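Novice: Numbering (our numbering), first residue to last: 4 to 101. All C-beta atoms in this analysis are idealised placements derived from N, C-alpha and C, irrespective of residue type, glycine included. Every value quoted in this text rests on a predicted model; they were computed, and no experiment measured them. The following block contains the structure, expressed as structure tokens.
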């Protein structure tokens, strides 16, 4: 039976702590199907939406918004129809901890 202690164990613990801290600082992020994400947007007055197109080898559209203190995230193979009053912020990357 082997034991992987020392630096390897410390690195794994540090990575787990970094993820936990990122989640604590950003709050809960709820991952939704695109249709449900659009329903959340329809409940918001003038939502702010962060958008990026990323991925390899297949690019997907990724979206992030907040509603009633929670963050909601989705990704879609094709662009979503966004509400006309939405403010869209184009981003190079959306990073979701975990």
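1) Which class does residue 31 belong to by DSSP, given the choice of helix, strand or coil?
2) Note down, in chain order, each residue of its chain lying with its Cβ closer than 6 angstroms to the Cβ of residue 64, except the 5 sequence neighbours on either side.
3) Note down the Cα distance separating residue 50 from residue 67, rounded to an integer number of angstroms.
4) Ignoring anything shorter than 3 residues, give me the beta strand (DSSP E) runs that lie fully in the region 67-97, in order along the chain.
5) Can you tell which of 16, 84, 48 and 54 has the C-alpha that lies nearest to the C-alpha of residue 70?
6) Short of 7 angstroms in beta carbon distance, which residues of its chain neighbour residue 59, apart from the five on each side in sequence? Order them along the chain.
7) Taking DSSP as the reference, what is the three-state secondary structure of residue 52?
8) Please identify the residue among 17, 62 and 85 whose C-alpha is closest to the C-alpha of residue 42.
9) Flag this pair as yes or no: are the beta carbons of residue 33 and residue 92 separated by less than 8 angstroms?
10) Throw me the rounded Cβ distance for the residue 89 and residue 44 pair, which I believe falls under 8 angstroms.
Specialist: On the basis of the data shown:
1) If you number the chain shown from 1, residue 31 lands on position 28. In the structure shown, residue 31 sits in coil (DSSP, three-state: anything other than H, G, I, E or B).
2) Within the chain shown, the letter at position 61 stands for residue 64. Result list for residue 64: 56, 79 and 82, in chain order.
3) Along the chain shown, one-based indexing puts residue 50 at 47. Along the chain shown, one-based indexing puts residue 67 at 64. About 10 angstroms.
4) Complete beta strand (DSSP E) runs here, min 3: 73-79 and 90-93.
5) Taking the first residue of the chain shown as position 1, residue 70 is located at position 67. Measuring from the Cα of residue 70, the nearest candidate turns out to be 48.
6) By 1-based counting over the chain shown, the position of residue 59 is 56. Here residue 59 has no same chain residue with a Cβ atom under 7 angstroms from its own Cβ, once five neighbours each way along the sequence are excluded.
7) Along the chain shown, one-based indexing puts residue 52 at 49. Three-state DSSP puts residue 52 in a strand.
8) What you label residue 42 is simply residue 39 of the chain shown in a count that begins at 1. Restricting attention to 17, 62 and 85, the CA atom closest to the CA of residue 42 is found in 85.
9) Reading the chain shown from its first residue, position 30 is the one you call residue 33. Reading the chain shown from its first residue, position 89 is the one you call residue 92. In this structure, residue 92 does not lie closer than 8 angstroms to residue 33 by Cβ.
10) For the purposes of this step, residue 89 is identified with residue 86 of the chain shown, where counting begins at 1. For the purposes of this step, residue 44 is identified with residue 41 of the chain shown, where counting begins at 1. Indeed they touch by this definition, with Cβ atoms about 7 angstroms apart.
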